[in-house]
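In case it helps, full-length UniProt numbering puts the sequence shown at residues 1 to 711. For glycine and all other residues, C-beta sits at the position ideal for the given N, C-alpha and C. In this text the structure is predicted, and so the values were computed from the model without any measurement.
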Amino acid sequence: MSTTSVLTDTQRIVADRVITSLAGPDARLRDDQETAVATLATPGSRALVVQATGWGKSAVYWAATAVIRSAGGGPTLIVSPLLSLMRDQVAAAGRAGLAAATVNSANVEDWAAIENDLLSGRLDVLLVSPERLANPGFGARVLNALAGKLGLVVIDEAHAISDWGHDFRPDYRRVSDVLQNLNPQTSVLATTATANRRVTDDVAAQLGAGNGGSGPDDHRGTTLVLRGPLARKSLHLNVVDGLSPIQRYGWAAQEMPFLPGSGIIYVLTVADADRLVAAIRAVWGDEYPVAAYTGQLPAEERHGLEDALLENRVKALVATSALGMGFDKPDLGFVVHVGAPPSPVSYYQQVGRAGRALDEAVVVLLASALDDAIWEHFATATIPDPKRMSRLLDAMAGAGGPMSVVALESETGVRRGKVELMLKQLAVDGVVERTSDGWETTGKPWTYDADHYEGVLAVRRREADIMRSYVRGERCLMRLLTESLDDPAAADCGRCSVCRGELTPGLNATPKDETVATISAVLRSKAQVLEPRKMWPPKGSFTRSGRIPPDLAAEPGRVLAFADAPQWGDVLVGAKRGDEASRGHLAESAVAVLGDWRRRGGVRPDAIVSLDLRGGDVAADLADRLRAVGRRPGSTFPVLPGQVPGREATSGVEATYWKEHLGSAPADVAGLAVLLVVDETATGWAVTLAAAALRAAGATAVSPMVIHQTV
């Protein structure tokens, strides 16, 4: 909808003071920014701003906060999805003359002081994560106390509250609960750069109507939607298709020094981030300035890496999607994707990090046919299974009180990660709630909305089809992206690899064979540490419980090939088929890993035992080769036939299976340190039980070497 809302002279003075503090003495709010601020200054208003990255959405809520506070209004609550975003926003608020703080898992020791400052009026802005909103203690202490006092609520990256969006997060739906309990005079702003029309309509509906308005420019009875053109003129989009997984690593490593400025290389998994950093350094040296950035790193380390990129002390961060929303580096020169996200909307969001304050920035997608399987996983991962939901709710109903996630895993036979997701989904629907003692039902029934979820799945698969069109270069790449966001101004860009008919000058289409060979050899010589399990499965699902005794525990081991490691694909396939060259490559890498392991104070085996869990003789063959090199004795750990549990089996089910299907441990290991060579495992329960059996048979230590760990 259009509007003519403008700021009063007094409000404009306050807003201009904020904008000049943020952007310089000559900066002023643009017309559409002023419209949003003026709307939010009217108590009880609702506004949704859908604008391209770099448009200045944060300027709207800083100016609106200052205007509301200057008129005696309450503080602002900002719901942000990422710690890095919160940190940047606290700094920006300070530059704008506002006192801001964040409550998150990285600053627990500061919570009490921050909450006191907020409730006493000394804070202008509090930033929280959606997960914090779901915390019952936080809700009782802070949200209840602020329910009638907030002047503005901001939902940043608001597409995440819609399950039609590319990045739906169940915890984000807690925002709707907050809105229901707001003072009707509290204004609400939602912002995003990545929402198509369906997501926009859903978010606008969730914001709800504010306190009913009375005049033509009074927007308290509806949600004002401000939507602008989304094309980014600085971006040169490119697709490089047809590379194998290891060739994609080769391309990224080879082209790294020739990409402009500093940038981000996005990968799909944590393992890919670590491997690609190693690949780049294999080509350019161990000191080459790249680093892996993932959500598994401690907050302080992530902050340090963000600063290094902001200050151009690294050429690139190789990152998962943990580095994305809210990261603001105006001179970011490039974004490369090794593997495509499942949605054109999420892809647009990530490439939008580049070129905000540059005339030109390079964007490259290194596509692969293997991406299809990943897209299908993301499409279905958050769709609830009605049978599992019923099993979970039945277990909770019969418990007579709160249950922990661990107890629910044991009771239902559903794996812990899936249980956690299901509980969040049920909490969104008000069917369960988390208390300080665990999870319990509310008494509200749950029904599976088949039509809705079939629609969500259909949308996600259509988005995957758009990404396939993008990879194939069916038409202008920027047009494809902006059309997927229902941008009415979508048009051919004239700059992408489709419009130009070639890659951006200076980029090569394929890596050199010698580059790929170098990377393959280096990556195969590196192994991932396999940490031994310390606890048996939860009580009740297995014959043992509690801590694994030290005299039965395995030593830290090594994994040669983790998940879909690209350097191993052809070798693993060939080794399983009995190909001599592949098995030779496997043995060479294992010898190199053993040497490094030994230098680090690890395994010094007296005997080598093989364990083939998936049939075949891959582990037996590798063990024979290692025995020949090291002149060590050895034997085979027998496995009884049976139907191995599927990926969804709980720890207790899988551990029970392997306890029953591992044969008797070899008797010739008494008094010896054993290297246990295993062909393939996902969870490591078979390895844990085999190690325990070998220790019980007299082995002084058991160090596992797993050829392939799947996920």
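For residue i, the first and last residue of its enclosing alpha helix (DSSP H)
i, result
"residue 378", "371 to 380"
"residue 263", "Residue 263 -> not in any alpha helix (DSSP H); beta strand (DSSP E) instead, spanning 263 to 267."
"residue 716", "Because the chain is modelled from 1 through 711, residue 716 falls outside the range shown and cannot be assessed."
"residue 486", "Here residue 486 belongs to no alpha helix (DSSP H), and DSSP marks it neither H nor E."
"residue 685", "685 to 696"
"residue 661", "651 to 661"
"residue 200", "197 to 207"
"residue 499", "497 to 500"
Beta-carbon contacts of residue i that lie in its chain and below 8 angstroms, excluding the five residues immediately before and after
i, result
"residue 609", "623, 634, 635, 636, 637, 666, 669, 674, 675, 676, 677, 694"
"residue 150", "74, 75, 76, 77, 182, 183, 186"
"residue 604", "598, 673"
"residue 99", "93, 117, 122, 123, 124, 125"
"residue 645", "653, 654, 657"
"residue 101", "90, 110, 114, 117, 118, 123, 125, 126, 127"
"residue 444", "429, 430, 431"
"residue 254", "283, 508, 511, 512, 515"
"residue 296", "270"
Neighbourhood of residue i by C-beta distance below 7 angstroms, restricted to the same chain and skipping five residues each side
i, result
"residue 499", "476, 492, 493"
"residue 589", "524, 525, 560"
"residue 18", "62, 63, 66, 96, 97"
"residue 509", "240, 503"
"residue 551", "695"
"residue 331", "261, 357, 358"
"residue 21", "95, 96, 97"
Cβ-based neighbour list, residue i, same chain, cut-off 6 angstroms, excluding 5 preceding and 5 following
i, result
"residue 117", "123"
"residue 146", "none"
"residue 625", "587"
"residue 235", "355, 361, 363"
"residue 568", "561"
Limits of the beta strand (DSSP E) - the one that residue i falls within
i, result
"residue 438", "438 to 441"
"residue 711", "Here residue 711 belongs to no beta strand (DSSP E), and DSSP marks it neither H nor E."
"residue 560", "557 to 562"
Backbone secondary structure at residue i - three-state DSSP
i, result
"residue 704", "strand"
"residue 542", "coil"
"residue 528", "strand"
"residue 414", "coil"
"residue 12", "helix"
"residue 144", "helix"
"residue 678", "strand"
"residue 547", "strand"
"residue 718", "Here the chain comprises residues numbered 1 to 711, so residue 718 is not present and cannot be evaluated."
"residue 29", "coil"
"residue 518", "helix"
"residue 192", "strand"
"residue 448", "coil"
"residue 510", "coil"
"residue 248", "helix"
"residue 408", "helix"
"residue 644", "coil"
"residue 492", "coil"
"residue 34", "helix"
For residue i, the residue or residues it bridges with in DSSP
i, result
"residue 187", "152"
"residue 463", "According to DSSP, residue 463 bridges with nothing at all."
"residue 238", "364"
"residue 673", "701"
"residue 227", "50"
"residue 434", "439"
"residue 535", "547"
"residue 403", "439"
The ligand FAD heavy atom lying under 7 angstroms from the CB of residue i
i, result
"residue 46", "This structure simply doesn't include the ligand FAD, nor any ligand for that matter."
Kindly provide the ranges of any beta strand (DSSP E) runs that are 3 or more residues long and lie completely inside the segment 564 to 640, ordered along the chain.
607 to 611, 634 to 636
4 or more residues per run - each alpha helix (DSSP H) lying fully within the segment 51 to 134
57 to 70, 83 to 95, 111 to 120, 130 to 133
Going along the chain, which unbroken runs of the alpha helix (DSSP H) with 4 or more residues stay wholly within the UniProt domain "Helicase C-terminal" (251 to 393)?
270 to 284, 299 to 310, 344 to 351, 371 to 380
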